[in-house]
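Contents: one structure, followed by commentary.
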Amino acid sequence: MKTPSTSPRKNALGSLGCLTLLLLALVSFNPVYAQDQTSSTETTQDGRVIKGIISDDSGPVEGATVILKGTKTGTSSNEKGEFTFPKPLKSGDVLLISYLGYKNQELKIDDSTNRLEIMLTEDLIEFTGALNSNKPYKSKRSK
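Just so we're aligned: the sequence shown equals residues 4 to 146 in our numbering.
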């Protein structure tokens, strides 16, 4: 019985193909580096990156809203009351700060603004309408 033999040419092409794939795989795994985070005083060509902290009498306020006036661009404060505005701001821009139960504030950005420390003050919440408690509750379920 005769076994089929592989030709030296086919063997060389197979080895060359494996070697090519191995080199290609080694070259394609280059290290990737992340960009540095921006500092609170960084100024970009478009404006200034603004960071800040929002608090009240009892400490940091989580979930307060910070919006650029006249736009839908904004952010909210984290559990430590800190925020970083997602867009560079220019001198003259106005930020609107709001949180339920507190007075809304408007802060104008100027050339010296880098970090904001915002103290919220409580506000009365008024409901429209009145609660009518004269009527007894009646179930709509049939007996």
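We treat Cβ as the ideally placed atom computed from N, Cα and C, and that holds for glycine.
All values derive from a computational prediction rather than experimental measurement.
Kindly give me the distance between the Cβ atoms of residue i and residue j, rounded to whole angstroms, as I take these residues to be in contact under 8 Å.
i	j	result
residue 71	residue 90	7 Å
residue 55	residue 119	3 Å
residue 79	residue 86	7 Å
residue 64	residue 58	6 Å
Note down, in chain order, each residue of its chain lying with its Cβ closer than 8 Å to the Cβ of residue i, except the 5 sequence neighbours on either side.
i	result
residue 104	125, 126, 128
residue 66	79, 80, 102
Could you please give the first and the last residue of the uninterrupted beta strand (DSSP E) stretch that includes residue i?
i	result
residue 87	85-87
residue 110	108-111
Which residues does DSSP list as the beta-bridge partners of residue i?
i	result
residue 91	DSSP lists no partner for residue 91.
residue 69	78, 100
residue 121	57
residue 62	59
Quick check on residue i - is its C-beta less than 8 Å from some C-beta in chain C?
i	result
residue 99	The question asks about chain C, but that chain is absent: this structure has only one protein chain.
If I measure Cβ to Cβ from residue i and keep anything under 6 Å in the same chain, skipping five residues before and after, which residues do I get?
i	result
residue 101	68, 107
residue 111	97
residue 82	65
residue 25	none
Between which residues of its own chain and residue i is the CB-CB distance below 7 Å, once the five residues before and five after are set aside?
i	result
residue 113	94
residue 77	68, 69, 70, 71
residue 99	70, 72, 107, 109
On the criterion of 16 or more Cβ atoms from any shown chain inside 10 Å, does residue i qualify as buried, or is it exposed?
i	result
residue 84	buried
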